[in-house]
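K.L.:
In this text, residue positions in the sequence shown follow our numbering: the first is 40, and each later residue adds one.
Using N, Cα and C, we set each Cβ at its ideal position, and we do this for glycine too.
Take a look at this one; I'll ask things after.
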Amino acid sequence: MPSKDDFTLKVKNKCKKLGLDVFGFADPNNYQKYKDYPEWNRPEKFLPHLKTVIVVGIHLDDIILDTWFQSSNGNYQFADMIIENKCYKLKEFLIDKGYAAEIISYTPGLFLKDSAALAGIGPIGKHNLLITKEFGSQVRLRALVTDAPLICGEPVIESDFCKNCDLCIKACPVDALKGGKYNKSLCETYQLNNLKKLSNHSSIWCNLCIKACPIGSENRK
Ligand code: SF4
Ligand code: SF4
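As structure tokens, this is what we get:
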């Protein structure tokens, strides 16, 4: 068996090889929030005796990746199929090395942005989304759980990016971010009433607050 350091490096290299744009490792025992979640949203629900939560993400660098499709089986985002495929390959890699691994479904799932912040990928910003320094919030996340013990990232609790900034708050057309509190109902109502239709079955949701965020804007389209 390789050392924890060596195997962590191997998993990182595998993530890079798979084309995952962001990734990080979180310690499930190091987070009070996991314990506060409903039982069906906790990491151990998906793999008893897990040691690590792996959070991965891809940059939504093309409009088609950010598109939601309506089908008879429900709604799905095009990016989900791509990220699921990469997660499957990562899972196979871990199993091949002798570890158990499971890809976590979106519903019920982990609270992905909290897990990403715990893994040290980035903080949650004033727009209530994860911020990555490379791509801002223009990423789609997914998580796996594994009993492989990996070296975990340093949790990011505060957003230094947001200290002197309120661009996302100003960009929101319905003040859903006013006063530092995310108003889900205002946001969702606006989004549903303002879907940008690409076709009868595909649409793009509001992402004005994501676009307004200056972090990683140099890498976004
Ligand atoms: S997604 Fe749109 S409506 Fe929702 S908070 Fe962001 S800017 Fe406001
Ligand atoms: S726009 Fe500014 S305040 Fe809003 S999330 Fe980005 S850095 Fe934070």
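Does the structure place the stretch 120–129 close enough to the stretch 153–169 that three or more beta carbon pairs sit under 8 Å?
P.N.:
Output reads no: the stretch 120–129 does not touch the stretch 153–169.
K.L.:
Please confirm if the stretch 210–228 is in contact with the stretch 173–182, defined as three or more CB-CB distances below 8 Å between the two stretches.
P.N.:
Verdict: no, contact absent.
K.L.:
Taking all protein chains shown into account, do 16 or more other C-beta atoms lie within 10 angstroms of the C-beta of Thr146, making it buried, or fewer, making it exposed?
P.N.:
For the purposes of this step, residue 146 is taken as the residue at position 107 of the sequence shown. Burial call: exposed.
K.L.:
Name all residues in chain order for which at least one heavy atom of ligand 2 lies closer than 5 Å to the residue's CB.
P.N.:
Checking every Cβ against the heavy atoms of ligand 2 under 5 Å gives Gly164, Lys165, His166, Phe200, Cys201, Cys204, Leu206, Cys207, Cys252.
K.L.:
Tell me whether Ser110 sits in a helix, a strand or coil according to DSSP, three-state version.
P.N.:
If you number the sequence shown from 1, residue 110 lands on position 71. In this structure, Ser110 counts as strand in the three-state DSSP scheme.
K.L.:
With DSSP collapsed to three states, give me the class of Leu133.
P.N.:
As a working mapping, residue 133 is identified with position 94 in the sequence shown. If DSSP states are grouped into helix, strand and coil, Leu133 belongs with the helices.
K.L.:
Assuming Phe85 and Ile122 make a contact with CB atoms under 8 Å, what is their CB distance in whole Å?
P.N.:
As a position in the sequence shown, residue 85 is number 46, starting the count at 1. As a position in the sequence shown, residue 122 is number 83, starting the count at 1. Actually they are not in contact, since the Cβ atoms of Phe85 and Ile122 sit about 17 Å apart, beyond 8 Å.
K.L.:
Relative to ligand 1, what is the chain-ordered list of residues with a Cβ closer than 5 Å to any of its non-hydrogen atoms?
P.N.:
That gives Cys211, Ala215, Cys226, Tyr229, Cys245, Leu247, Cys248.
K.L.:
Within the same chain, show all residues whose beta-carbon is closer than 8 Å to that of Lys209, passing over the 5 residues directly before and after it, in chain order.
P.N.:
Stepping through the sequence shown from its first residue, residue 209 is reached at position 170. These residues qualify, in order along the chain: Ala251.
K.L.:
How is Leu225 classed by DSSP in three states: helix, strand or coil?
P.N.:
Your numbering for residue 225 matches position 186 in the sequence shown. If DSSP states are grouped into helix, strand and coil, Leu225 belongs with the helices.
K.L.:
May I have the straight-line CA-CA distance separating Leu237 from Cys248, to the nearest angstrom?
P.N.:
Taking the sequence shown and counting its residues from 1, the one referred to as residue 237 is at position 198. Taking the sequence shown and counting its residues from 1, the one referred to as residue 248 is at position 209. Their backbone Cα atoms lie some 20 Å apart in a straight line.
K.L.:
Let me check understanding here. Comparing Cα to Cα, which of Cys245, Ser198, Cys226 lies closest to Leu234?
P.N.:
Locating residue 234 in the sequence shown gives position 195, where the first residue counts as 1. For Leu234, the nearest C-alpha among the options comes from Cys245.
K.L.:
Would you call Gly58 buried or exposed, if buried means 16 or more other Cβ atoms sit within 10 Å of its Cβ?
P.N.:
What you label residue 58 is simply residue 19 of the sequence shown in a count that begins at 1. That one is exposed.
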